[in-house]
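Enquirer:
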Amino acid sequence: MITLIAAVAENNALGKNNQLLWHLPDDFKRFKNRTSGNYIIMGRKTFESFPKPLPNRTHVIITRQKKYTSENCIVVDSLGKAIAICPKDEELFIIGGGEIYNQSIEIADKLDITRVHNAFDADTFFPEIDLNKWELTATEFHTKDEKHQFDFSFQTYIRK
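Heads up: the sequence shown runs through residues 1 to 160, numbered per UniProt numbering.
Next comes the structure, spelled out in structure tokens:
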């Protein structure tokens, strides 16, 4: 199963200047719980936005840079190659960025979205979710509080 996992603003914003636009600790916890022990596929810029590789996950990095390497990570030059090297019987997670989401949304089985209930100035966006192709099967609203500057909802979409 191919799952796209992302925190997405109301205007589909993902980030700006290779940085997230919000800090939501509960979203980080959910991301860690969902992706730990699995393969995670990402573009090079997304990988480079992390201070270090994320623990307990197999990192698959997509880049056009021919000589790009990163210790303990798998580096490939296409989405197809990234998916091909992942185990077929396990859920794999595509974690960004915008270009990788655009390439993969048509082949994904599931969307794990943290919808941030605000609009942001951004330079990277998640593709539009076509409700003719996707069914919202679960949603869990969270109100902003002292640790979370914005209201947000955990949303699960399954391909129709």
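Backbone N, C-alpha and C fix where the C-beta goes; we use that ideal spot for every residue, glycine too.
Nearest-angstrom Cα distance between residue 103 and residue 39?
Expert: Along the sequence shown, one-based indexing puts residue 103 at 103. Along the sequence shown, one-based indexing puts residue 39 at 39. Their Cα atoms are separated by approximately 18 Å.
Enquirer: Assuming residue 15 is part of the beta strand (DSSP E), what are its boundary residues?
Expert: Here residue 15 is taken as the residue at index 15 of the sequence shown, counted from 1. Segment 13-16, the beta strand (DSSP E) holding residue 15.
Enquirer: Using the beta-carbon count (16 or more within 10 Å), is residue 64 buried or exposed?
Expert: In the sequence shown, the residue the question calls residue 64 occupies position 64. Residue 64 is exposed by the Cβ-count criterion.
Enquirer: Are the CB atoms of residue 2 and residue 92 within a distance shorter than 7 Å?
Expert: Against the sequence shown, residue 92 aligns to sequence position 92. Against the sequence shown, residue 2 aligns to sequence position 2. Taking 7 Å as the Cβ cut-off, residue 92 and residue 2 qualify as a contacting pair.
Enquirer: Suppose you measure from the CA of residue 58 to the CA of residue 133; what does that come to, to the nearest Å?
Expert: Within the sequence shown, residue 58 is the residue found at index 58, counting from 1. Within the sequence shown, residue 133 is the residue found at index 133, counting from 1. C-alpha separation (whole angstroms): 29 Å.
Enquirer: Using DSSP with H/G/I as helix, E/B as strand and the rest coil, what is residue 101?
Expert: Stepping through the sequence shown from its first residue, residue 101 is reached at position 101. In the structure shown, residue 101 sits in a helix (DSSP, three-state: H, G or I).
Enquirer: Which first and last residues belong to the alpha helix (DSSP H) in which residue 120 is found?
Expert: For the purposes of this step, residue 120 is taken as residue 120 along the sequence shown, with counting starting at 1. Note, residue 120: premise wrong, no alpha helix (DSSP H); not H, not E.
Enquirer: Taking the Cβ atom as the reference point for each residue, do residue 81 and residue 158 lie within a distance shorter than 7 Å?
Expert: Here residue 81 is taken as the residue at index 81 of the sequence shown, counted from 1. Here residue 158 is taken as the residue at index 158 of the sequence shown, counted from 1. Against a cut-off of 7 Å, the Cβ pair of residue 158 and residue 81 comes out as no contact.
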